[in-house]
Structures are given as C-alpha cells and as structure tokens.
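Enquirer: Before anything else, here's the structure in question.
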Amino acid sequence: MNQKLINLPNKLKILSSHLPATKSETILVLVGTGSRYEDKKINGIAHFAEHMFFKGTKKRPTALDISTLIDGVGGEFNAFTSKEYTGYFVKSSVKHIDLVMDVLSDMLMNSKFEQEEIDRERNVIFEELRMYLDTPVHHIHDLFEQLLYGDQPLGWDIIGTIDSLKNINRAEFLRFKNSYYNPENMLVSVSGGVPHTDIENITNKYLSNLKNKKTARYSRAKISQNKPAVKMSTKSTEQAHLAIGVRSYPIGHKNHYTTVVLNAILGASMSSRLFIQLRERRGLAYYVHSGFEEHYDTGSFGAAAGVPTKRIDDAIKVILAEFDKLTKDEVGEKELKKAKEHIKGKLVLDFEDSREVATTFGLQQLLEGKIRSLDEIFKKVDAVTSEDVKKVAQEIFINKSLNLAVIGPYKDEGKFAKILRLN
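Start counting the sequence shown at 1; every next residue gets the next number (UniProt numbering).
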C-alpha cells in the first residue's frame, strides 16, 4: 500500500490509498460535522441530512434514480453519522470509479432538499428512533452518554428527538449544509486499485467546483463529576441492560494505544476477562463487551452487558472487580502478548477491505490531521507495557468517575448507587 495526500485549489483534501492487487475501490466522503455541532432545537439534523442527500438532485431527481445507478454496477453504498463526523461511501469495481464519483459529488453538491421529501423522510426517522428506543441493547449506549454529558450536545442522541425533528425544514438543511459542507471541512478518502494520478484527475473533474466557505465550530464540552452517578430507564424487560464506565481520553492522547490494549484485555474478544468472568464462568450474560469513545476534548471507557434482571447486582460487581484488578495487578506477559496479537490480527483482516482502509486512514486524517501506517500502528501497540496498562487503569478507574446506566424493571436508583464503587 502507498498513499498520497492531494490538495485541490479549493482546499479540499483527497487521501488516496493505492492497493495494487485490489479490484475494488471505495470512495468515502467525510465531513467534519455531527450531532455535537447542533443546537437543541434542531438536534438530529446531521443524521437527518445524511438521509436527505440520497433523496434526489437536479440531475437525478429521485432516490430511485440514485440507487439504481449504484445497484446497477453491483456497488455498495451507505452513510453514517457520529457526534463529530459524517460519512458517505460507495464501494464498487475499479472500472466504475468515474460513475461513483459523479454520483457522490452530485449528491453532496446538488441535493434538492424538497419539503415533500423532507416530510416523508421525517416519518422514516421517527420509526428509526422508535426502533432504537425499543432495542435496549442499542439504547443503553445512548443512555450512558446522556449520563456522562447531560444536557449538552455530546449528551444528546445523534438521531434527535420527536420534538426536535419536527423543527427541521428545508431552510434549516440549507443553513446546516452551508455551515459545514465546505471543502476545508471535508476529506475524500479513496482506497483500492486505482492509481493516484487517476484519483487526482477524477476528483479534480467532479469536486474542484465545490466552493469553500467559512466553517462553523462546536462548543467545548463542560465536564464535571465529583462522585459516582447512576441513570436509570425503567422499562418492563425480560433482560436487564447495563453500561458501566468512566471518563477517559480525547482524540490523539498519548495513552491511546495503551487504552486499545487495555480494552483488548478487558472485553474485546471471546477470551477477554469480562467474557470469561460473566459468560463462561457465571452464565450471567449472552453479550458482554468493553469499548471506548474518543472526542476532540474528552472521552469515555466502559463495558456493557445484558443480564438476568434478578442478578444485575452480581454482574455490576463482577465488572467493577475486573476494573479494580487492572489497577492493582500488572498483566502477565502471555496475556499482554495475546491482546497485542489480537489487535494486530484484526487490523490485518480489516485492511483486506478497501472500505476499512478508506475509513481508518480517512478518519485519522480528518480528526487528527495525520495518518499512521499499519507498521506504525503495530509499533505503537507493541511498545505498550504491562506497567503502562496498570498506570492507565489507575488513572481512569477511580470511584468518583464511575457511571452506571441501566435499562430494566427497576425503580430505585439508590440500590445501584450503593454498589457502584471499587474496592
């Protein structure tokens, strides 16, 4: 693999990752905006806009006109929205790259945002929202972030609320697009078998006319926590869902790769500590995993599980015990090596997919302004020591930073507050 960063005159950056043996090509357009850039009145507009860019342009008036072109060449296309970025991608055979770039650029530059389509799609998003609220395994993560950040953009759901979605109209979409969909705030990450020169020519052909404008910014998160916190959603369920975690590190922090290794040890695989302790030894959960989120100015680390409603206390205590153990005992060399090899092996498999390559390197460039090769990532992972893992665990796993979100048939937050502590 070799890479080239191309800068168009309008300040749009193109990251080309050439994979000579690959016959597919992924074009991913990343925009530096997400739900944390919204105000409460129009919470959900970043995600709503993601939907609307597929609904028709002057050249291709309907969603069917757009989807038919990509489906007609066997391509895969979709989009995603996070708190800090939005992405639109198409993966296809290399021979269709000109068509794909034509379609993507047309969508992002010339979407009509017709009010009739907006009203129709609003109902679709209402149903998407209701689906998430009715699916605790997904909603527990939103509840956890509400607990962490409260009533500010990082604490709001990406999809918005029923009330906020009603406020979004064509004028709001045009304002949002003009504020954030600007070349200096965008990156096109292209990965696959097409040479750099062809990528530069094609992007110049379709994206050089995109006009640059001043980009709006976000407000920094306000963080304050002096004691453990609990947030509960009382719901009649057959299974209790919980997310328990702490505040951790922002994007680009020096402890990033130590956190990656700690996560692999704790809950990223079927041989991780949480999986063994909760599922294999106690039969307390079907799903259990850990993970971390990094934002520009803050971050979080946590674990989630679905457990029997009558044994949720046991599950919480087991997870806390595993947190606590990492602060007291250094990880053995055998377990540390296994965690590192798991991380590297997963990356190798991921990088066989042009879409994963485009996403991984594209987000590095968009969010951090630099990219790290696979070899560089491996060196960073290999450099993590047992002592590093212990130090990070001691830094983040502290009582006053504990947060517990629960969905289940419970009414008393106090019972959970009593057990939310490390030994």
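We put the CB at the ideal spot given by N, CA and C, even for glycine. Every value quoted in this text rests on a predicted model; they were computed, and no experiment measured them.
1. What's the call for residue 253, buried or exposed, on a 16-neighbour Cβ count within 10 Å?
2. Cutting at 6 Å between CB atoms, please list the residues of its own chain near residue 51, excluding the five before and the five after it.
3. For residue 336, collect the residues of the same chain with a Cβ closer than 6 Å to its Cβ; drop the 5 residues on either side in sequence, then sort them by chain order.
4. Pop quiz: residue 438 and residue 187 are said to be a contact at Cβ under 8 Å. What is the actual Cβ separation, rounded to whole angstroms?
5. Tell me whether residue 201 is buried or exposed, calling it buried when 16 or more other Cβ atoms sit within 10 Å of its Cβ.
6. Could you tell me which residues DSSP puts in a beta bridge with residue 88?
7. Let me know the alpha helix (DSSP H) ranges lying completely inside the stretch 167-196, each 4 residues or longer, listed in chain order.
8. Can you give the beta carbon distance from residue 380 to residue 257, rounded, assuming they're within the 8 Å contact cut?
9. Counting only the same chain and skipping the five closest in sequence on each side, list residues whose C-beta sits under 7 Å from that of residue 58.
10. Of the choices 307, 92, 134, 246, whose alpha-carbon is the least far from that of residue 398?
11. Give the DSSP bridge partners of residue 241, in chain order.
12. Report yes if the CB atom of residue 43 is closer than 7 Å to the CB atom of residue 229, and no otherwise.
13. Would you list the one or two residues that DSSP bridges to residue 229?
14. Between residue 22 and residue 47, how many whole angstroms is the CB-CB distance? I'm expecting something under 8 Å.
15. Identify whether residue 18 lies in helix, strand or coil by the three-state DSSP scheme.
16. Mapping DSSP to helix, strand and coil, what is residue 122?
17. Using only the alpha-carbon positions, how far apart do residue 184 and residue 31 sit?
18. Looking at the strands, I want to know which residues DSSP matches up with residue 289.
19. Throw me the rounded Cβ distance for the residue 244 and residue 312 pair, which I believe falls under 8 Å.
20. On the DSSP letters alone, give me the boundaries of the beta strand (DSSP E) that residue 4 sits inside.
21. Given 8 Å as the limit, is there contact between the stretch 201-213 and the stretch 144-156, that is, 3 or more CB pairs closer than that?
22. What's the gap between the Cα of residue 95 and the Cα of residue 101?
23. What did DSSP end up calling residue 311 once you bin it into helix, strand or coil?
24. Give the DSSP-derived three-state secondary structure of residue 234 in the structure shown.
Expert: On the basis of the data shown:
1. Residue 253 is exposed by the Cβ-count criterion.
2. Hits under 6 Å: 121.
3. Closer than 6 Å at the Cβ level, and outside the excluded window around residue 336, lie 386.
4. Coverage of the chain is limited to positions 1 through 423, which leaves residue 438 absent and any answer about it impossible.
5. Exposed: under 16 other Cβ atoms inside 10 Å.
6. Looking at the DSSP output, residue 88 bridges to 29, 79.
7. Listed in chain order, they are 170-180.
8. Taking the Cβ atoms as the reference, residue 380 lies roughly 4 Å from residue 257, within the contact range of under 8 Å.
9. When the five nearest sequence neighbours on each side are left out, the beta carbons in the same chain lying within less than 7 Å of the beta carbon of residue 58 are those of 110, 112, in order along the chain.
10. Nearest in C-alpha terms to residue 398, of all of 307, 92, 134, 246, is 246.
11. According to DSSP, which records beta bridges pairwise, residue 241 is partnered with 306, 407.
12. 7 Å or more divides the Cβ of residue 43 from the Cβ of residue 229.
13. In the DSSP output, where bridge partners are listed per residue, residue 229 has 403.
14. That belief does not hold up - the Cβ atoms of residue 22 and residue 47 are roughly 31 Å apart, past 8 Å.
15. DSSP places residue 18 in the strand class (E or B) of the three-state scheme.
16. The answer is helix: DSSP assigns residue 122 an H, G or I state.
17. Straight-line Cα distance between these residues: approximately 9 Å.
18. According to DSSP, which records beta bridges pairwise, residue 289 is partnered with 304.
19. Contact doesn't hold; Cβ gap of about 11 Å is too wide.
20. It spans 2-7 - the beta strand (DSSP E) in which residue 4 sits, taken as one unbroken run.
21. Contact fails: fewer than three Cβ-Cβ distances are below 8 Å.
22. A direct Cα-to-Cα measurement between residue 95 and residue 101 gives close to 12 Å.
23. Helix, per DSSP.
24. Here DSSP, grouped into helix, strand and coil, assigns residue 234 to strand.
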